[in-house]
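Numbered per my numbering, the sequence shown spans residues 3 to 604.
Here is the structure we will look at, set down as structure tokens.
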Amino acid sequence: MKKLVIIVVFCFVNLFCLAQDNVDDALAYQYYQQGQYQQAVVLLEKLFNKTKSDTHFELYFNTLLKLKKYDDAEKLVKKLIRQDSKNLEYGIALARIYQDKGQTEAANKLYMQVINNLPADEFKIREIANHFYGFQAYDLAISAFLQGRKILNDDKPFTYELLSIYRYKKDKNMLVQEYLNALPGMPQLLPQAESVLSTVFEDNDDYQILQSALLKKIQKEPQTEIYAKLLIWQYLQQQEYDMALRQLIAQDKRIKDDGSILFNTTGTFLDNKAYPAAIKAYEYLLTKGKENPYYLPSKVEMINAKYQQVIASQIDKKAITELAAEYQAIIDEYGKNQQTLFALKKLANLQAYYLNDHKKAEAALENILTIPGIPAAEIGQIKLELGDVYILTQQPWEAFLIYEQVAKQFENQDVGNEARYRSARLSFYQGNFTYAKSQADILKASTSQLIANDALNLSLLITDNLQSTLDSNALKMYADAEMLQFSNRPSKALAKLDSIAIAFPGNSLVDDILMAKSRIYIKTNNISNAVITLKTLTEQQATSIWADDALFTLADLYETNLKDIEQAKKLYQKLINDHAGSMYTNEARKRFRKLRGDNIGT
3 MKKLVIIVVF
13 CFVNLFCLAQ
23 DNVDDALAYQ
33 YYQQGQYQQA
43 VVLLEKLFNK
53 TKSDTHFELY
63 FNTLLKLKKY
73 DDAEKLVKKL
83 IRQDSKNLEY
93 GIALARIYQD
103 KGQTEAANKL
113 YMQVINNLPA
123 DEFKIREIAN
133 HFYGFQAYDL
143 AISAFLQGRK
153 ILNDDKPFTY
163 ELLSIYRYKK
173 DKNMLVQEYL
183 NALPGMPQLL
193 PQAESVLSTV
203 FEDNDDYQIL
213 QSALLKKIQK
223 EPQTEIYAKL
233 LIWQYLQQQE
243 YDMALRQLIA
253 QDKRIKDDGS
263 ILFNTTGTFL
273 DNKAYPAAIK
283 AYEYLLTKGK
293 ENPYYLPSKV
303 EMINAKYQQV
313 IASQIDKKAI
323 TELAAEYQAI
333 IDEYGKNQQT
343 LFALKKLANL
353 QAYYLNDHKK
363 AEAALENILT
373 IPGIPAAEIG
383 QIKLELGDVY
393 ILTQQPWEAF
403 LIYEQVAKQF
413 ENQDVGNEAR
423 YRSARLSFYQ
433 GNFTYAKSQA
443 DILKASTSQL
453 IANDALNLSL
463 LITDNLQSTL
473 DSNALKMYAD
483 AEMLQFSNRP
493 SKALAKLDSI
503 AIAFPGNSLV
513 DDILMAKSRI
523 YIKTNNISNA
533 VITLKTLTEQ
543 QATSIWADDA
553 LFTLADLYET
563 NLKDIEQAKK
573 LYQKLINDHA
583 GSMYTNEARK
593 RFRKLRGDNI
603 GT
């Protein structure tokens, strides 16, 4: 019984001591975190003397440094070194004391001793390097990792750690070198390399660092395919599409690919409106022959690239006629069916808006509707396009009927709301402003933000410009100009817009006219006039309903067409600050962050 009592008492004493240690530990850490070092040092000294743990040593030692008790710290560390001379962390601690005391030469000597005496143990090397990293001695951490590679006679370890430090330091040269050293053995790093480099690089000079290093590597190791992939990415980032295409074709021939890499990458050319490069890429793919799986897709995409190139530039009647013939050739070869639907629609579009052959376009679209098996939503979209052509063929009642038919068939769906909007727009063209506004007001609550925004703009346009007889007459003239623009007669539309102020001086449509003109200039690729017009709107009509549209469009022109990144950033920032509720704000924020170099993929 007596022994049992002794054991119980002993257990209680141990539990009490353990509980007390836990309290001291928590309190010491709290003092340390709050910068109350005088209180912390007393508890940490006690805890370290009791536990001899690395954690308590680190906290106790750092607290002595914070209090500038260098003599106490030095005495402590030297004692520990005598007890365990192989513990390199104590050598680092002593060097830190000398560093804090301003004895730089002595500190550096000790640091190098530690690095030169690293053991051939990957775990221990990483531990020492991380120790340097812990007190922000990044260059020493790098030296430890690099020395570790020498000791291990292996340049593969510590890749992720070195990449992290180089990225943090924005050491672009070493970051590039480390990726190039790592990629042949770790090709899975390529997406990360592209993402990191795109966020760290700030201008073309940085990309030149990568290009120069890559070309040297490729010259020495032409068989290392990963370098060619990264070079292609680099050319794409710099928008050197012809150079990228040259590398892609060389790669395709070298690895005897079926064309899949080139075909998939060509989408990037199209996204960036590099139509000549895209067309060349598809032409090369066609040389692989009809048995190649990418032959028909390449033929289709090549014609679509030509279509985009034609409609994005000044109208060239000859180029459009040749393009229409190519679409017709596909239809003749493969017939009129679901597979050739894209060609039938594009040909009708060219006939309606570029070849001034409205009747052919009308007949073509009506014929498409007879093809069996077309999905209902696709039929709805084709009917909308047919309604637009009915306007061009001066059959507004037919257009109105087909719009209403689609609206009822696809009630509360995007295609149905689009039909209602087009019906409202037709009424606006005809000068029936009251009906147009009533329809636009209904659509302001549409689930599609784009339709809702268009409807709101139409409603406000009508409301703001029916305040007087003068404004009402000016609005009718403006509606005529919009109809001319819809019919793809830009020069006549511009002339009509310019004549409004002459016919009705002092009208309220100044901002609307500027926005309409800017759209025409952009569509006809007259970027300089578009910029001038948008600048006038943003500077002189800051309270206009078009102010946010104009800012976003202007920023996009500076970013995409003029490559003036700084000006684009300023405009996106202004849009974010001045128009928080705009539908463009989120997109402007994404673009601003991307241009600033933020990593928005995470």
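Using N, Cα and C, we set each Cβ at its ideal position, and we do this for glycine too.
Predicted, not measured: the structure shown is a model, and the values here were computed from it.
- Here DSSP, grouped into helix, strand and coil, assigns PRO193 to helix.
- In this structure, the straight-line span from the alpha carbon of ILE305 to that of SER166 is close to 45 Å.
- Within 10 angstroms of the beta-carbon of GLN236 lie 16 or more other beta-carbons, which makes it buried.
- Nearest C-alpha to GLU561 among ASN118, LEU45, ASN274, LYS71: ASN274.
- Relative to ASN175, the option among ASP86, ILE211, SER200, PHE554 whose CA is nearest is ILE211.
- Every alpha helix (DSSP H) stretch that sits fully inside the stretch 436-505 and reaches 4 residues is listed by chain position as 451-466, 471-488, 492-505.
- The DSSP-derived three-state label of ALA97 is helix.
- Contact between LEU460 and PHE412 is ruled out by a C-beta separation of about 20 Å, above the 8 Å threshold.
- Annotation for ASP73: the continuous alpha helix (DSSP H) segment containing it runs 72-85.
- CA-to-CA, the gap between VAL44 and ASP173 works out to about 42 Å.
- For ALA307, the enclosing alpha helix (DSSP H) begins and ends at 297-313.
- Counting the other CB atoms within 10 Å of its CB gives ASN132 a total below 16, which places it among the exposed residues.
- Here the alpha carbons of LEU96 and TYR31 stand approximately 23 Å from one another.
- Annotation for ALA122: no alpha helix (DSSP H) segment contains it, and DSSP assigns it neither H nor E.
- The Cβ atoms of ARG151 and PRO159 lie closer than 8 Å to each other.
- Each residue's CA atom was taken as its position, placing ILE567 and LEU597 some 7 Å apart.
- The beta carbons of LEU386 and GLU420 sit closer together than 8 Å.
- Between GLU227 and ILE257, the gap from beta carbon to beta carbon is short of 8 Å.
- Contact between ILE464 and PHE435 is confirmed by a C-beta separation of about 5 Å, below the 8 Å threshold.
- Under the three-state reduction of DSSP, GLN41 is assigned to helix.
- In this structure ILE502 is not in contact with MET517, their Cβ atoms being roughly 13 Å apart against a cut-off of 8 Å.
- Straight-line measurement puts the Cα of LYS54 at about 25 Å from the Cα of ILE117.
- The three-state secondary structure of TRP548, taken from DSSP, is coil.
- In this structure, the beta-carbon distance from ALA28 to THR65 does not fall below 8 Å.
- Spanning the alpha carbons of LYS171 and ARG595 requires a straight line of approximately 21 Å.
- Rounded to whole angstroms, the Cβ separation of LEU232 and LEU192 is 7 Å, and the two are in contact under 8 Å.
- Between the stretch 342-353 and the stretch 365-382 there are three or more inter-stretch CB-CB distances shorter than 8 Å, so the stretches are counted as touching.
- Judged by DSSP in its simplified three-state form, GLN240 adopts coil rather than helix or strand.
- Only buried fits ILE130, as 16 or more other CB atoms lie within 10 angstroms of its CB.
- Per DSSP, TYR423 is one residue of the alpha helix (DSSP H) stretching across 416-431.
- Annotation for GLY389: ALA401, ILE404, TYR405, ARG424 place their beta carbon closer than 7 Å to its own, counting only its chain and skipping 5 residues before and after.
- In this structure, GLN310 keeps its C-beta atom at 8 Å or more from the C-beta atom of TYR286.
- No Cβ-Cβ contact shorter than 8 Å links TYR135 with ALA122.
- Taken through DSSP and simplified to helix, strand or coil, HIS581 comes out as coil.
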